[in-house]
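Below is one structure; the comments refer to it alone.
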Amino acid sequence: MVAHRVIRLVRDVVDYDATRTFYREFGLTETTPGTFASAVGGEQLELRPAEVPAVVRIDIAVEQDSDLDDIAARLLRLGAAPVRTKTHLEAREPVSGVLVRLLVEDRLARDAPRRQTELRRDDLVPHEPVRPQRLGHVVLGCADVEEAKHFFLDGIGMRLSDYVTSGPFMRFDTDHHNIVLIPAPFTLLHHTAWKVRSVDEIGNGGSQMIANHPHRHAWGLGRHAASANYFWYLRDPSGAFAEYYYSDMDERAPDRFFWDRLPDQPELPVAVWASPSLEQAPLAAPLRGVPTVPEEMPAPLLETHPGPSGR
Ligand SMILES: [Fe+2]
1 MVAHRVIRLV RDVVDYDATR TFYREFGLTE TTPGTFASAV GGEQLELRPA EVPAVVRIDI
61 AVEQDSDLDD IAARLLRLGA APVRTKTHLE AREPVSGVLV RLLVEDRLAR DAPRRQTELR
121 RDDLVPHEPV RPQRLGHVVL GCADVEEAKH FFLDGIGMRL SDYVTSGPFM RFDTDHHNIV
181 LIPAPFTLLH HTAWKVRSVD EIGNGGSQMI ANHPHRHAWG LGRHAASANY FWYLRDPSGA
241 FAEYYYSDMD ERAPDRFFWD RLPDQPELPV AVWASPSLEQ APLAAPLRGV PTVPEEMPAP
301 LLETHPGPSG R
């Protein structure tokens with residue numbers, strides 16, 4: 001496996017200042033205006049002010065320079081017109097129109113599993129704000145997920161973990177998923193997911209986020225079925241969601257084949273349990289083309305870029 005993690009997401013957002021405030025309060029560190037770092041993943045989110053929200057670019061890390069040539073050759077065979085420079089490789093996924101940049105970067109250290117015996121009651125009281133450790137996955141709405149998945153699976157070399165809500169969940173290594181495509185009328189950012197260190201940090205972080213902003217609450221606390229991670233989704237001011245998540249399964253994956261689907265494996269439900277129930281969840285709204293931003297905020301236009309192919 002040569003591509004090993006999502007480095008960074010670059011987004012155009014309509015309500016730039018409110019969205020910056022949201023991600024600062026979410027626990028990311030704003031290193032320069034609009035650029036946000038996680039605790040161990042470095043600068044992983046870049047926001048740019050714009051008239052229309054858009055997924056501008058996803059940066060993906062590979063291990064070595066020759067990997068860029070291998071991926072370029074595969075993307076060329078797929079007709080994706082990759083552009084190779086001295087430092088990186090770029091190609092636009094043709095269905096969504098999203099630009100993907102691949103570059104050589106070090107792997108992050110694997111997250112250490114947390115043992116229950118390490119728990120001390122004093123530690124349950126948070127002494128500092130929750131700080132997401134790293135960007136775990138990016139979920140894109142896309143008009144033709146079956147066509148778009150080839151770019152990531154056959155071009156970049158990701159592996160398919162599961163289908164959930166008819167969307168391919170794809171991974172680089174031992175995380176259950178790192179890039180997800182879900183059916184939507186047009187290209188949009190559905191959510192980014194940020195790993196925290198425990199279920200308690202999900203609860204603490206989510207509670208803090210909604211304490212004075214109840215409209216931010218979207219869905220959670222809950223536990224997904226296929227990937228087994230715990231979650232809490234919050235609505236950001238620019239029409240996407242931000243997920244705090246914690247997994248005690250990804251760390252147990254002994255190798256990159258751990259999450260491979262069996263050929264006749266049935267699709268699992270989105271969540272094993274959650275509050276509120278799935279029927280009440282607003283997460284499906286953007287996938288039907290319905291803006292998700294609450295009434296008290298100025299309603300942004302959802303991105304309407306159909307991709308260069310016109311789909
Ligand atoms: Fe997620």
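Residue numbers are given in the UniProt record's numbering: position 18 of the sequence shown equals residue 18, and the series is strictly consecutive. Heads up, the beta-carbon is just placed ideally off N, CA and C, and yes, glycines get one too.
With distances taken from CA atoms, which of Leu188, Arg159 and Pro237 is nearest Phe258?
Arg159
Thr21 (DSSP reduced to helix, strand or coil)
helix
Between Ala193 and ligand 1, is the CB less than 7 angstroms from at least one heavy atom?
yes
Paired residues, beta bridge with Asp12 - DSSP
Arg48 and Ala54
Going straight from the alpha carbon of Arg77 to that of His150, what length do you get?
11 angstroms
Using a Cβ-Cβ cut-off of 7 angstroms (strictly less than) and excluding sequence neighbours within five positions of Thr165, which residues of its own chain qualify?
Ile182 and Val270
Alpha carbon to alpha carbon, how far is Glu128 from His215?
24 angstroms
Neighbour-count burial assignment, Ser38, 16 or more Cβ in a 10 Å radius
buried
As assigned by DSSP and simplified to three states, the class of Val2
coil
Is the beta carbon of Val95 closer than 8 angstroms to that of Asn204?
no
Would you kindly report the start and end of the unbroken beta strand (DSSP E) that includes Ser38?
Thr35 to Ser38
Excluding sequence positions up to five away, which residues of its chain have a Cβ less than 8 angstroms from the Cβ of Cys142?
Val95, Ser96, Ala148, Leu181, Ile182, Pro183, Ala184 and Thr187
Where Met249 falls: helix, strand or coil (DSSP):
coil
Contact test: Phe231 Cβ vs ligand 3 heavy atom, cutoff 7 angstroms:
Absent from the structure shown: ligand 3. Ligands present: ligand 1.
By Cβ distance below 6 angstroms, which residues in the same chain neighbour Glu243 in space, the five residues on each side in sequence not counted?
His191, Ala193, Phe231 and Tyr233
Under 8 angstroms between C-beta atoms of Gln44 and Ile7:
yes
Look at the alpha carbon of residue 362 and the alpha carbon of Arg114, and state the distance between them as a whole number of angstroms.
Absent from the structure is residue 362, since the part of the chain shown begins at 1 and ends at 311.
Just to confirm, are Ser227 and His177 a CB contact at a threshold of 8 angstroms?
yes
At which residues does the beta strand (DSSP E) containing Lys195 begin and terminate?
Leu188 to Lys195
DSSP on Asp59, reduced to helix/strand/coil?
strand
Kindly examine ligand 1 and report whether one of its heavy atoms sits closer than 7 angstroms to the Cβ of His215.
no
Quick check: the Cα distance between Phe152 and Leu287, rounded to an integer number of angstroms?
21 angstroms
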